[in-house]
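Visitor: Line by line, the protein sequences give chains A and B.
Residue 51 in full-length UniProt numbering sits at position 51 of the first sequence; the count goes up by one each step and never skips.
Residue 275 in full-length UniProt numbering sits at position 275 of the second sequence; the count goes up by one each step and never skips.
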Amino acid sequence: MLKVQGISTSYGKINVLKNISLEVEEGSIVTILGANGAGKSTTMKTICGLLKPQEGKVEFFGEDVTGRRPDQLVRTGIALVPEGRQILSGMTVLENLEMGAYHRKDNEIKHDIEKVMERFPILKERHQQLGGTLSGGQQQMLAIARALLSRPKLLLLDEPSMGLAPLVVADIFKIIKEINEAGTTVLLVEQNARQALRVSDYGYVLETGKIIAEGKSNDLLTDPRIMEAYLGRKSS
Amino acid sequence: MLIEQLINGITLGSIYAIVALGFTLVFGVLGIINMAHGEIFMFGAFIGVIVTSTFKGPLWLAFAAAILVTGIMGYLLERFALRPLRNKQGVSHLAPLISTIGVSILLENLSHHLFGAGNHPFNNTFAEISFQIGSITVYLVQIVIFMISVILMYTLSYWLGKTKAGKALRATAENLETASLLGVDTKKTITMTVIIASAMGGIAGILVGMAFNSVTPQMGLSIGLKGLAIIILGGMGNVKGAMAGGLILGLAETFIVVYGNSGYRDAIAFAAIIVILLVRPQGLFGQKISA
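#1: For a contact meaning CB atoms closer than 8 angstroms, what does residue 194 of chain B contact in chain A?
#2: Among B/249, B/17, B/272, whose alpha-carbon lies nearest the alpha-carbon of residue 146 of chain B?
#3: Please state whether DSSP places residue 234 of chain A in a helix, a strand or coil.
#4: Just checking, does the stretch 37-50 of chain B make contact with the stretch 178-192 of chain B on the three C-beta pairs under 8 angstroms criterion?
#5: Any beta carbon of chain B sitting closer than 8 angstroms to that of residue 161 of chain A?
#6: Look up residue 184 of chain B in the DSSP assignment and say whether it is helix, strand or coil.
#7: Which residues in the same chain have their Cβ closer than 6 angstroms to the Cβ of residue 115 of chain B, if we skip the five residues on either side of it in sequence?
#8: Could you tell me whether any Cβ in chain A is nearer than 8 angstroms to the Cβ of residue 170 of chain B?
#9: Decide if residue 122 of chain B is buried, meaning its Cβ has at least 16 other Cβ atoms within 10 Å, or exposed.
#10: Any residues in the stretch 12-42 of chain A with a beta carbon nearer than 8 angstroms to a beta carbon of chain B? Which ones, in chain order?
#11: Closest by CA to residue 221 of chain B, which one among B/25, B/154, B/34, B/85?
#12: Looking at the strands, I want to know which residues DSSP matches up with residue 132 of chain B.
#13: What does residue 204 of chain A reach in chain B if we use C-beta pairs closer than 7 angstroms?
#14: Run through DSSP, which three-state label would residue 89 of chain B get?
#15: Under 9 angstroms Cβ-Cβ, which residues of chain A neighbour residue 180 of chain B?
#16: Closer than 8 angstroms, Cβ to any Cβ of chain A: which residues of the stretch 85-115 of chain B, in chain order?
#17: Could you tell me which chain B residues have their CB closer than 8 angstroms to the CB of residue 100 of chain A, listed as they occur along the chain?
#18: Do residue 31 of chain A and residue 188 of chain A have their beta-carbon atoms positioned less than 8 angstroms apart in this structure?
#19: Taking residue 48 of chain A and residue 78 of chain A to be in contact with their CB atoms under 8 angstroms, please state how far apart those CB atoms are, rounded to whole angstroms.
#20: So which residues of chain B does residue 103 of chain A contact, with C-beta pairs closer than 7 angstroms?
#21: Against residue 86 of chain A, what residues of chain B qualify as contacts under a CB-to-CB distance less than 9 angstroms, listed in chain order?
#22: Please report the residue range of the beta strand (DSSP E) in which residue 118 of chain B lies.
#23: Strictly under 8 angstroms for the Cβ-Cβ distance: is residue 167 of chain B near chain A by that measure?
#24: Helix, strand or coil for residue 282 of chain B? Go by DSSP, reduced to three states.
#25: So the beta strand (DSSP E) residue 211 of chain A belongs to, where does it begin and stop?
#26: Is the Cβ-Cβ distance between residue 36 of chain B and residue 77 of chain B less than 8 angstroms?
#27: Relative to the C-alpha of residue 56 of chain B, which residue among B/107, B/124, B/134 is closest?
#28: Around the C-beta of residue 54 of chain A, are 16 or more other C-beta atoms found within 10 angstroms, so that it is buried, or is it exposed?
#29: For a test of the three-state rule: what should DSSP assign to residue 290 of chain B, helix, strand or coil?
#30: Would you mind telling me which residues of chain B sit closer than 9 angstroms to residue 141 of chain A, beta carbon to beta carbon, in chain order?
#31: Tell me, please, whether the CB atom of residue 291 of chain B is closer than 8 angstroms to any CB atom in chain A?
#32: Spatial neighbours of residue 137 of chain A within its chain, please: C-beta separation below 8 angstroms, excluding the five flanking residues on both sides.
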């Protein structure tokens, strides 16, 4: 459904991405692994339209969407949960959720908000509180719930486990799996390689702006090279 | 005497509040001080003079014309003085500020040219109507100004708090990137914000014309600087802060004239800024920025 072909993106004169190609099949979970500064977030931002690539093409369902603005891409079904969650801290939890459905004009928005609040009871409990008062884990859930309310076909998640306690991280990965099972395709960027690969079908490894390895998640999990570099375990 | 001054102060303060709201909206969304806001306000006042004095038109028509003209000026300001500087590499963050200063000078010169340098009286049919309540004299014009200000502030608060477009504006003000990820066309939101802020400036212009019965091309600068003082006082980009700050400044100025020395009237605003910045750098309603 998503096809990224040879994109190169730069900030000013610094080339961050060099000729990246990747593919996400409908219904799957795909992970992009990489260390800090490898270009993971830049890849996500280029796909969702926050950055424009100097070269290359982004195709969504066969349609060239390169250079479209994020607010246009949300309408075609690509939603990003950005790095650091980016909750609107001056707006209430409920308003954050309503903003998730901003582009929608159907009459099921209320129903959908009820549904996500049932899935995340803490959001229901705190729906009148300002978004900024939530804890990190709660903010991540709010960010994911908010993105889901746009009814995305493809959900991009940029380091959803960042800065969260291990138990909360496990919870987040469980939620990601559930979202996928409910029919949403997921593209995930993570440093938490093991957990990310366990939930995903396919993985890419990014290093200094280039894809240096790719494969089925199970294969990557057992690849000694990848293990050593990204899973913190010496190959034996 | 005290109550009369209180009424004077509230009348003046509610006008200041509306001027400050225009500043605070633009600051909230764009993060810049719109130095041309005072001059757009002044144009609103002149439209009022032209409609009511030159063409002897009714007051509502003056408001409608001022909203239209200043709204268009807001659009032109955003389209030609602000947007070209946005998201461009190598443009100093001071460039939009300088650009709005340029527009303000242009507008002031333009108004000299169009309207002349002198003082223009503002004719309205009910300027002299007043009520006597006990020993207190209340002018109808004060009530009208106060009512219009309250309606305007209430409408703005409701719009920002309850409507989809208002929420989009708040989201854009808090985080432009996030707002666009949620589907907000931020370019459109910014344009709309500058138009609304300018139209509010235009309305405030007419209110000042009604209150002081005097309109000059120079009035933009002083009211612009006061509006700036108010949003620093109330907290940058904060809507409640702009309303409260406006009222505080209006009351303070009125009382300094009555009980103190009228020569210090305009100094009050800036003395207040210095004190506030020392005691509460984030302003009365502003959030402390944590490290």
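The beta-carbon is built from N, C-alpha and C at its ideal position, and this holds for glycine as well.
Since the structure is predicted, the reported quantities are computational estimates derived from the model, not experimental observations.
Guide: Let's see:
#1: Residues of chain A passing the Cβ test: none, with the nearest at roughly 19 angstroms.
#2: With distances taken between Cα atoms, residue 146 of chain B lies closest to B/17.
#3: For residue 234 of chain A, the predicted structure reports a pLDDT of 49, less than 50, and the residue's modelled location is therefore unreliable. The matter cannot be settled from this model.
#4: These segments do not touch.
#5: Residue 161 of chain A does not count as touching chain B.
#6: DSSP places residue 184 of chain B outside both helix and strand once states are collapsed to three, so it counts as coil.
#7: Excluding sequence neighbours, residue 115 of chain B sits near 46.
#8: Residue contact check for residue 170 of chain B against chain A: a CB pair falls below 8 angstroms.
#9: Flag for residue 122 of chain B reads buried.
#10: Residues 12.
#11: For residue 221 of chain B, the closest alpha carbon among the candidates B/25, B/154, B/34, B/85 is that of B/34.
#12: Note: residue 132 of chain B sits in a beta bridge opposite B/137.
#13: Close to residue 204 of chain A, with beta-carbon spacing below 7 angstroms, lies no residue of chain B; the smallest spacing is near 22 angstroms.
#14: Per DSSP, reduced to three states, the secondary structure at residue 89 of chain B is coil, with no helix or strand assignment.
#15: Within 9 angstroms Cβ-Cβ: 49, 50, 69, 70, 71, 74.
#16: So the list reads 89, given in the order they occur along the chain.
#17: By Cβ distance, chain B contributes 182.
#18: For residue 188 of chain A and residue 31 of chain A, yes; Cβs fall inside 8 angstroms.
#19: Contact holds; Cβ gap of about 6 angstroms.
#20: The contacting residues are 183.
#21: Result: 175, 177, 178, 181.
#22: Careful: residue 118 of chain B lies outside any beta strand (DSSP E) and carries neither H nor E.
#23: In terms of beta-carbon proximity, residue 167 of chain B lines the interface with chain A, with at least one pair separated by less than 8 angstroms.
#24: In this structure, residue 282 of chain B counts as coil in the three-state DSSP scheme.
#25: Element bounds for residue 211 of chain A: 210-216.
#26: Taking 8 angstroms as the Cβ cut-off, residue 36 of chain B and residue 77 of chain B qualify as a contacting pair.
#27: The shortest Cα separation from residue 56 of chain B among B/107, B/124, B/134 belongs to B/124.
#28: Residue 54 of chain A should be labelled exposed.
#29: Because residue 290 of chain B carries a pLDDT of 45, less than 50, the predicted location of this residue cannot be relied on, and no value is offered for it.
#30: Those do not exist, as residue 141 of chain A stays about 16 angstroms from chain B at its closest Cβ, beyond 9 angstroms.
#31: Bear in mind that a pLDDT of 37 at residue 291 of chain B, under 50, signals an unreliable position, so the model cannot answer this.
#32: Cβ within range, chain order: 164, 165, 168, 171, 172.
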